[in-house]
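Working notes, beginning with the structure itself.
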Amino acid sequence: MTRAGTASRSDGLGVKAAYASGNFGKGLIWSSLDYFLLFFLTDLWGLGPVQAGVVVMVALIWDGLCGPVVGYVIDKTGVPLGRCLVVGAPLCALAFWFALREPGWRGEGLAAYALAVGLMLRTTYTLCDVPHNALLCTLSRGGNDAAILSGLRLIFSAAAGLTVAIAAGQVFAAPDPIQQGARISQFAVLAGFGFVAALWLSAWGTRSRPPAAVEVVAHAPQPTWRILFRNRRLALLLLITFIQIACVSVFTRSIAYFADGVVGDEAWAARAMVVITVAQGLSMPFWIALSYRVDGRRLLWIAYAGLIVACLAFLGTAQHAVLRLPLTALIGAATAGCGFTLWAMLPDAIDHGAQRGGPRMEALTTAIFVMVLKCASGFSAPLLALPLAWAGYGKAAHFAEISSVIVAGMCLIPATGAALCALLLFRWRSTEVSFKR
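Rendered as C-alpha cells:
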C-alpha cells in the first residue's frame, strides 16, 4: 500500500513514534467521550435518550464543521503545525476538565448546559486535532510511510483506550452516582495532563518538517474548493468513511447499555473496553504486514468481512457469557483494520488532488476528512438513541424488556454499514486508486 510520486527520504522510527504519541493524548479524550458520554448523560445526569443523543450529535457536528475552517487558516497562513499543538493542548485540557465536572444541579436548562460545555470542548479539541492529523500527510514521504504511521497512531490510540477502560472500571466500582461523578472529575485532571504531554511530544518530535514532495501536473489555476470537489478519490473515501464510522461506532456506544441491561453488571463494560483496545493494539502488526501484500480495497474487504462475521456471531450468542469477550475482541480487531486502512489512504487522496494542479492542501483536506469522521460519529448517537427511546428506555419497569433491542442494534447496525461500504468499494477502481507496491 505504497504511495507514488513521493521522493523525499523517510523519517526514522523515532520521529514517527513521537508523532504518533499524540494519538495517546487525543485518545484519552476521544475514548472517554465516545464510550461513555451518552451513558453518563442519560444515567448520571438524567437526560432522556433522545435529548442526550442530540447533545452528542450537535457537539460532534460542530467539531467537524470547525475543522475545515481551522485547516483553511493553517494552509493560508502557513503557521507551523507544531505551534498549533503547543498552544491548543492546554486549552483543550482545561475544557475537558470543565466538561466532566459535576454541574451540581438538575432540572431545566441542563441539556443546554451540557451542549454549551460540549461545544467549548469540541472547539478546543479541533484546534489540536486538525494540525496533528495534517502532520500524517507531511511525514508520509514514500514507500509505506502512510501505513506505518497509521498503524502507530492506532497502537497509541489503543493504549489510550486501555487507559480509559481501566479508569472506567474504577468509576463504575463507586457505590453511588455522586462518587462516580467525583472519580470522573479526578480522571479528567489526570487525562488533561496526559493530553498536553503527548501533544507537546508530538510537536517536538516533528519540528521543522517541511511538507512532503509530490509531482504536480501543470493545470490552469483553480479555486481551492473546486479542486477539492473534483477529487473523486477523496469523495469516495469520504463517503465510505461516513458510513463506516456512523454504523460501527454504535457497537462501542452500546457497550455500557449492554453491560447494564443484558449482562446485569456495569463493570463488564470496562472489561469489554479493555478487550477491545488490547485486540486493536495486538492486531495492528497484522494489518501493517498485510498492507505490504494487498491494496487498500482488498484490505478493507478483509476487515469488513471479519466485522460482519463477528457482529452476527455476537448477535446469535449474546446470552452465552463465555463467548461475549472473545467475540468482542474479534470486533475490536476488525474495526482496527477498518480505521487503519482509511487513514492510510488519506495521503494518497491528497497527492491525487495535488497532481491535478493547485496547492497541496494537507491541513484543509485532512480537516474535511476529520469533519466527516466526527459528523458520522455524532450521527451514530441518535442511531442508537432512537431505537432505545422507541423501545421505552427509561420507562420500562425492567431493563430486560428492551435487551433484545440493545443487542440487535449494537450488532446489526455495524454489520449493515460494513456491508454497504464493501459494496461501495466495487467503485474504487473507477477512481484509478492503487496502493499496491
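Our numbering puts the first residue of the sequence shown at 8, with every later residue one more than the last.
Even glycine gets a Cβ: it sits at the ideal position worked out from N, Cα and C.
None of the values given here were measured: they were computed from a predicted structure.
Check Ala181 in the structure and name its three-state DSSP category. In the structure shown, Ala181 falls within a coil segment according to DSSP collapsed to helix, strand and coil.
Using 8 Å as the threshold, is the stretch 296–303 in touch with the stretch 315–324, meaning 3 or more CB pairs across them? Contact between the stretch 296–303 and the stretch 315–324 is absent, because fewer than three Cβ pairs lie under 8 Å.
Assign Ala403 to one of three DSSP states: helix, strand, or coil. Caution is warranted here: a pLDDT of 48 is assigned to Ala403, below 50, making its placement in the model unreliable, and the coordinate value is therefore given only provisionally. Reduced to three states, the DSSP call for Ala403 is coil.
Taking just the CA atoms, how far does Thr259 sit from Cys99? Near 24 Å, if we compare the C-alpha coordinates of Thr259 and Cys99.
Under 6 Å Cβ to Cβ from Ala276, same chain only, skipping five residues before and after it: list those, please. Taking C-beta separations shorter than 6 Å and ignoring five residues to either side along the sequence, the partners of Ala276 in its chain run Ile262, Ala263 and Ala266, following chain order.
Simplified DSSP assignment, three categories, for Thr259: It is helical.
Three-state class that DSSP yields for Leu48 in the structure shown: Helix at Leu48.
Just to confirm, are Thr248 and Ala383 a CB contact at a threshold of 8 Å? Taking 8 Å as the cut-off, the Cβ atoms of Thr248 and Ala383 count as close.
Under a three-way DSSP split, which group does Ala219 fall into? Legend: pLDDT at Ala219 = 44, less than 50; position of this residue unreliable, value from coordinates given subsequently. Three-state DSSP puts Ala219 in coil, outside helix and strand.
Mark Pro230 as exposed unless 16 or more other C-beta atoms lie within 10 angstroms of its C-beta, in which case mark it buried. Here the model assigns Pro230 a pLDDT of 46, short of 50, so the residue's position is not dependable and the matter cannot be decided.
Straight-line Cα distance separating Ile420 from Ala426: Ala426 and Ile420 have their C-alpha atoms roughly 10 Å apart.
Buried versus exposed, by CB contacts within 10 Å (16 or more), Leu391: Counting Cβ neighbours within 10 Å, Leu391 comes out buried, since at least 16 surround it.
Alpha carbon to alpha carbon, how far is Arg434 from Ala106? Give it in angstroms, no decimals. Computed Cα separation, rounded: 42 Å.
Relative to the alpha-carbon of Leu454, which residue among Trp104, Ala118 and Asp136 has its alpha-carbon at the smallest distance? This structure does not reach residue 454, given that the chain is present from 8 up to 444, and the question cannot be answered.
Taking the alpha carbon of Gln193 as the reference point, which residue from Arg108, Leu88 and Phe321 has its own alpha carbon closest? Closest option to Gln193, judged by alpha-carbon separation, among Arg108, Leu88 and Phe321: Arg108.
With DSSP as the reference, label Ala106 as helix, strand or coil. DSSP places Ala106 in helix when its eight states are reduced to three.
Of the listed residues Phe202, Leu156 and Ala119, nearest to Lys23 (C-alpha basis): Among Phe202, Leu156 and Ala119, the Cα nearest to that of Lys23 is on Leu156.
Is DSSP giving Asn140 helix, strand or coil here? Of the three classes helix, strand and coil, the one that applies to Asn140 here is helix, per DSSP.
C-beta atoms of Thr133 and Gly89 nearer than 8 Å: No, these two residues do not count as a Cβ contact at 8 Å.
Taking the straight line between their C-alpha atoms, what separation do you get for Val57 and Asp50? Approximately 13 Å between the Cα atoms of the pair.
Mapping DSSP to helix, strand and coil, what is Ser28? Coil at Ser28, not helix or strand.
Taking DSSP as the reference, what is the three-state secondary structure of Ala325? Reduced to three states, the DSSP call for Ala325 is coil.
Is the CB-CB distance between Cys428 and Ile309 below 8 Å? No; because the gap between Cβ atoms is not below 8 Å, this pair is not in contact.
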